[in-house]
Amino acid sequence: MNVFPKQREQSLAALVESPLDLLVVGGGIVGSGIVRDAAMRGLRAALVEQYDFAFGTSSRSSRLLHGGLRYLAQGRIGLVHEASLEKKTIHHIAPHLAEPLPFLFPAYRENKEWLLWKLKIGVKIYDLLCGGKNLGKSSWLNPAETLQQASTLKSEGLTGAVRYFDGFTNDARLVMDTLRSAARHHGILLNYCRFRNATQNELWECELSDAIAGANFSVRARTIVNATGPWSDGLPHSRIKLRLAKGVHLVVNRSRISSADTVVMTEGKRILFAIPWGERTILGTTDTDYNGPLDKIFADNSDIRYILEITNRFFPRANLSERDVISSWAGVRPLIADPHGSPSDISRSHEIHSPEKNWWDVAGGKLTTYRLMAEQTVERIVEALKRDGLKRDLAPCRTAVEPLLPPDETAGVSGVVPPEWTRDAVKHFCENEWAAHLDDVMVRRTGWHYYWADAGARAAQVAAWMGEFLEWPEPQRAAEIERYRTVTQANAASNEDG
Ligand SMILES: Cc1cc2nc3c(=O)[nH]c(=O)nc-3n(C[C@H](O)[C@H](O)[C@H](O)COP(=O)(O)OP(=O)(O)OC[C@H]3O[C@@H](n4cnc5c(N)ncnc54)[C@H](O)[C@@H]3O)c2cc1C
2 MNVFPKQREQ
12 SLAALVESPL
22 DLLVVGGGIV
32 GSGIVRDAAM
42 RGLRAALVEQ
52 YDFAFGTSSR
62 SSRLLHGGLR
72 YLAQGRIGLV
82 HEASLEKKTI
92 HHIAPHLAEP
102 LPFLFPAYRE
112 NKEWLLWKLK
122 IGVKIYDLLC
132 GGKNLGKSSW
142 LNPAETLQQA
152 STLKSEGLTG
162 AVRYFDGFTN
172 DARLVMDTLR
182 SAARHHGILL
192 NYCRFRNATQ
202 NELWECELSD
212 AIAGANFSVR
222 ARTIVNATGP
232 WSDGLPHSRI
242 KLRLAKGVHL
252 VVNRSRISSA
262 DTVVMTEGKR
272 ILFAIPWGER
282 TILGTTDTDY
292 NGPLDKIFAD
302 NSDIRYILEI
312 TNRFFPRANL
322 SERDVISSWA
332 GVRPLIADPH
342 GSPSDISRSH
352 EIHSPEKNWW
362 DVAGGKLTTY
372 RLMAEQTVER
382 IVEALKRDGL
392 KRDLAPCRTA
402 VEPLLPPDET
412 AGVSGVVPPE
422 WTRDAVKHFC
432 ENEWAAHLDD
442 VMVRRTGWHY
452 YWADAGARAA
462 QVAAWMGEFL
472 EWPEPQRAAE
482 IERYRTVTQA
492 NAASNEDG
């Protein structure tokens with residue numbers, strides 16, 4: 002038995018009350034951006050997510066708001082320019098989730114792929130592509146200055162470094178705060194609710210299943226958007242073809258890698274990052290084709306070895322081994338299918354298609370460009386609704402100028418590092434952020450699971466707090482701890498075949 006928090010009851014009632022202008026399927030960053038935009042314009046918009054909000058790729062990224070220096074090296078100027086402007090827009094609408102992040106990109110004599118003179122030109126172009134003003138000004142460092150920034154960096158063959166800026170975010174929090182913003186504009190939001198199918202009569206008749214109540218129900222909607230990321234080619238009516246590329250991140254203690262800046266580590270044309278995250282460092286990522294199950298994606302031993310090996314090459318004194326890994330996460334990039342080339346070479350641009358009347362598939366893209374993807378999608382939906390006779394006056398798109406949330410609604414609960422581990426924070430997540438299971442709080446609302454080496458012990462206390470607020474009887478509290486263990490063990494599990 003689960004006590005339905007008021008928020009959920011209200012969403013369920015609102016969903017079936019009268020036809021929706023828009024049903025968004027998928028509660029990752031793309032779906033969240035779309036429902037926020039649509040609700041802000043005055044559409045009756047709802048979003049359903051089969052698991053928890055941000056369950057998919059949007060809680061498993063590198064957490065960078067970036068144009069992508071790597072894409073610049075591939076000559077994808079348009080993509081870099083577009084994403085660079087968006088990174089600044091997110092900094093404007095959600096400064097608490099877009100901290101300026103300095104990057105140190107060291108160059109070595111033996112590394113012909115990334116020569117210092119090319120990097121120097123690259124970072125200047127990178128700044129220019131941000132409309133002339135990046136989140137910080139790029140600069141060049143000689144070898145001694147480089148080692149001052151990162152004292153344990155490999156010094157042999159070092160010819161210097163460039164320093165440039167991108168944004169550091171918290172992907173799952175960006176989803177939550179975008180959804181909270183949507184809710185303030187009367188967006189209807191439901192997690193643990195799966196879209197099963199839809200048939201088009203005058204309106205779309207959509208079949209949904211509520212995993213918490215264990216019940217099926219239907220809603221009517223004028224338009225539907227498929228924003229299901231890696232799942233999007235399997236949804237009924239979808240015409241998307243994806244190529245999935247898996248990426249893994251590891252978390253280690255920051256004391257093992259002494260650098261004030263994020264350090265760029267290269268392997269051939271690929272680049273990996275060591276990103277300072279409070280008292281920890283995030284290391285990643287990998288980029289390999291993936292064909293396994295989408296709800297159980299593991300960091301396998303070879304992924305872990307690969308990342309540690311490259312990190313140890315750049316920070317020989319760190320001497321990291323599997324035992325130093327506090328936590329890990331793995332996700333898949335929903336790239337638009339291109340059977341040729343390595344996953345790293347496939348474009349990160351997005352596409353919006355309407356394979357059937359009043360149905361849109363949105364695919365590809367990046368966390369950084371989510372707001373723009375949403376704006377372009379909702380623009381098309383509004384056109385279609387008007388063609389079908391919608392007479393209401395709608396507001397123009399305001400997502401680039403209106404802050405996600407007022408600062409007092411994010412203080413203490415949302416930022417790039419986890420919030421304090423308190424009963425009050427947990428109460429907030431249960432009452433205001435749709436948390437229904439222990440892992441919703443430990444993994445996505447807070448990131449405590451990834452941050453604390455003793456996360457398992459802390460989880461028992463969080464379960465006790467959640468039990469109070471959600472009125473869990475004792476067996477349910479125990480079941481939630483078991484569920485959390487299963488989910489998070491899966492994250493850390495070794496799966497050579499996965
Ligand atoms: C390793 C890695 C690193 C990355 N790093 C960065 C980065 O640093 N910066 C950046 O800008 N981008 C980055 N990205 C890309 C970015 O994370 C993704 O582009 C983005 O998160 C995709 O969001 P999405 O909403 O499309 O998909 P998702 O977040 O996967 O959301 C789709 C949702 O749809 C739900 N769903 C599926 N089927 C149904 C159904 N039938 N009914 C209801 N719901 C359903 C799923 O449960 C899921 O939650 C990275 C990606 C990876 C994998």
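In the working numbering, the protein residues as written are 2 to 499. Backbone N, C-alpha and C define an ideal beta-carbon position, used for all residues, glycine too.
Less than 6 Å separating the Cβ of W232 from some heavy atom of ligand 1?
Against the sequence shown, residue 232 aligns to sequence position 231. Yes, Cβ of W232 sits closer than 6 Å to a heavy atom of ligand 1.
Is any heavy atom in ligand 1 found nearer than 6 Å to the beta carbon of V379?
Along the sequence shown, read from residue 1 onward, the residue named residue 379 stands at position 378. Checking the 6 Å criterion, the Cβ of V379 is out of range of every heavy atom belonging to ligand 1.
Secondary structure at H93, three-state DSSP: helix, strand or coil?
To locate residue 93, count along the sequence shown from 1; it is residue 92. In the three-state reduction of the DSSP assignment, H93 falls in the helix class.
Do you know offhand how far A479's Cα is from W360's?
Counting from one through the sequence shown, the residue named residue 479 turns up at place 478. Counting from one through the sequence shown, the residue named residue 360 turns up at place 359. Straight-line Cα distance between these residues: approximately 42 Å.
Under a three-way DSSP split, which group does I353 fall into?
The residue given as residue 353 occupies position 352 in the sequence shown. Reduced to three states, the DSSP call for I353 is strand.
Kindly identify the DSSP beta-bridge partner or partners of D128.
Residue 128 sits at position 127 when you count from the first residue of the sequence shown. In DSSP, D128 forms no bridge with anything.
With 16 other CB atoms within 10 Å as the buried threshold, where does T263 fall?
Numbered from 1 along the sequence shown, position 262 holds the residue referred to as residue 263. Buried, since its Cβ has 16 or more Cβ neighbours within 10 Å.
Would you mind stating whether F169 and N135 have Cβ atoms separated by less than 7 Å?
By 1-based counting over the sequence shown, the position of residue 169 is 168. By 1-based counting over the sequence shown, the position of residue 135 is 134. For F169 and N135, no; Cβs fall outside 7 Å.
State the DSSP-derived secondary structure class of G448, mapped to helix, strand or coil.
Counting from 1 along the sequence shown, the entry for residue 448 is found at position 447. If DSSP states are grouped into helix, strand and coil, G448 belongs with coil.
Identify, in the order they occur along the chain, each residue of the same chain with its Cβ nearer than 6 Å to the Cβ of L44, setting aside the five sequence neighbours on each side.
The residue labelled residue 44 in the question sits at position 43 within the sequence shown. Correct list, in chain order: D22, L23.
Between G285 and the rest of its own chain, which residues show a CB-CB distance below 7 Å, the 5 nearest in sequence each way excluded?
Residue numbering aside, residue 285 sits at position 284 when the sequence shown is read from its first letter. The residues are S63, G248, V249, H250, L251, L273, F274, I308.
Tell me which same chain residues have a C-beta within less than 8 Å of the C-beta of H92, skipping the five on either side of it?
Here residue 92 is taken as the residue at index 91 of the sequence shown, counted from 1. Excluding positions up to five away in sequence, the list reads L66, A99, P101, L136, G168.
How about L65: is its Cβ closer than 6 Å to a heavy atom in ligand 1?
On the sequence shown, position 64 is the one that residue 65 refers to. Checking every heavy atom of ligand 1 against the Cβ of L65, one is found closer than 6 Å.
Cβ-heavy atom distance, Q51 to ligand 1, below 6 Å
Residue 51 sits at position 50 when you count from the first residue of the sequence shown. True, at least one ligand heavy atom lies under 6 Å from that Cβ.
Check whether the region 73-86 touches the region 45-56, counting contact only when three or more Cβ pairs, one atom from each stretch, lie closer than 8 Å.
no
What is the rounded straight-line gap between the Cα of D498 and the Cα of D234?
Along the sequence shown, one-based indexing puts residue 498 at 497. Along the sequence shown, one-based indexing puts residue 234 at 233. Because D498 carries a pLDDT of 32, less than 50, the predicted location of this residue cannot be relied on, and no value is offered for it.
Coil, strand or helix - W453 by DSSP:
Counted from its first residue, the sequence shown places residue 453 at position 452. Three-state DSSP puts W453 in coil, outside helix and strand.
C-alpha distance - P508 paired with N112, whole-angstrom precision:
Because the chain is modelled from 2 through 499, residue 508 falls outside the range shown and cannot be assessed.
Contact check, V176 vs I30 under 8 Å by CB: the rounded distance?
The sequence position of residue 176 within the sequence shown is 175, counting from 1. The sequence position of residue 30 within the sequence shown is 29, counting from 1. Going by Cβ atoms, the distance from V176 to I30 rounds to 5 Å, so yes, they are a contact pair.
Please look up how many angstroms separate the CB atoms of V333 and L245, rounded, as I've assumed it's under 8 Å.
Indexing the sequence shown from 1 puts residue 333 at position 332. Indexing the sequence shown from 1 puts residue 245 at position 244. Their Cβ separation, rounded to whole angstroms, is 4 Å, which keeps V333 and L245 in contact under 8 Å.
Which class does N302 belong to by DSSP, given the choice of helix, strand or coil?
Within the sequence shown, numbered from 1, the residue matching residue 302 stands at position 301. Here N302 sits in helix by DSSP.
Does DSSP put G247 in a helix, a strand or coil?
Position 246 of the sequence shown, counted from the first residue, corresponds to residue 247. It is worth fixing the name first, because residue 247 is Lys in this sequence and not Gly. Strand, per DSSP.
Is it buried or exposed, D409, if we count other Cβ atoms within 10 angstroms and call 16 or more buried?
Numbered from 1 along the sequence shown, position 408 holds the residue referred to as residue 409. Exposed is the call here.
Going by DSSP, name the residue or residues bridged to C431.
Taking the first residue of the sequence shown as 1, we reach residue 431 at position 430. For C431, DSSP assigns no beta-bridge partner whatsoever.
Whole angstroms is fine: what's the gap from D290's alpha carbon to G269's?
For the purposes of this step, residue 290 is taken as the residue at position 289 of the sequence shown. For the purposes of this step, residue 269 is taken as the residue at position 268 of the sequence shown. A direct Cα-to-Cα measurement between D290 and G269 gives close to 18 Å.
State yes or no: is the C-beta of I337 within less than 7 Å of the C-beta of G293?
Working through the sequence shown from its first residue, we reach residue 337 at position 336. Working through the sequence shown from its first residue, we reach residue 293 at position 292. Their beta carbons are not under 7 Å apart, which means I337 does not touch G293 by this criterion.
Would you mind stating whether A184 and I35 have Cβ atoms separated by less than 7 Å?
On the sequence shown, position 183 is the one that residue 184 refers to. On the sequence shown, position 34 is the one that residue 35 refers to. Result no, Cβ atoms of A184 and I35 do not sit closer than 7 Å.
C-beta atoms of Y452 and P419 nearer than 7 Å
Against the sequence shown, residue 452 aligns to sequence position 451. Against the sequence shown, residue 419 aligns to sequence position 418. Judged by beta-carbon spacing, P419 lies within the 7 Å limit of Y452, meaning their Cβ atoms are closer than that value.
Between the C-alpha atoms of S152 and E50, what's the straight-line distance to the nearest angstrom?
Taking the sequence shown and counting its residues from 1, one reaches residue 152 at position 151. Taking the sequence shown and counting its residues from 1, one reaches residue 50 at position 49. The alpha-carbon atoms of S152 and E50 are separated by roughly 45 Å.
Can you look up T369 in the DSSP assignment and give me helix, strand or coil?
The sequence position of residue 369 within the sequence shown is 368, counting from 1. Of the three classes helix, strand and coil, the one that applies to T369 here is helix, per DSSP.
With respect to 6 Å, is the separation between the Cβ of K125 and the closest non-hydrogen atom of ligand 1 below this value?
For the purposes of this step, residue 125 is identified with residue 124 of the sequence shown, where counting begins at 1. No, the Cβ of K125 stays beyond 6 Å of every heavy atom of ligand 1.
If I measure Cβ to Cβ from G448 and keep anything under 6 Å in the same chain, skipping five residues before and after, which residues do I get?
Position 447 of the sequence shown, counted from the first residue, corresponds to residue 448. Excluding positions up to five away in sequence, the list reads P419.
Compare the C-alpha of P317 against each of E157, A212, E380, A331 and name the closest.
Counting from one through the sequence shown, the residue named residue 317 turns up at place 316. Residue E157 is the option with its Cα nearest to P317.
Could you check what DSSP says for A375 in three-state terms: helix, strand or coil?
Here residue 375 refers to the residue found at position 374 when the sequence shown is read from its first residue. Reduced to three states, the DSSP call for A375 is helix.
Measure the alpha-carbon distance for V488 versus N302 and round it to whole angstroms.
Residue mapping note: residue 488 aligns to position 487 of the sequence shown, counting from 1. Residue mapping note: residue 302 aligns to position 301 of the sequence shown, counting from 1. One C-alpha to the other measures close to 18 Å.
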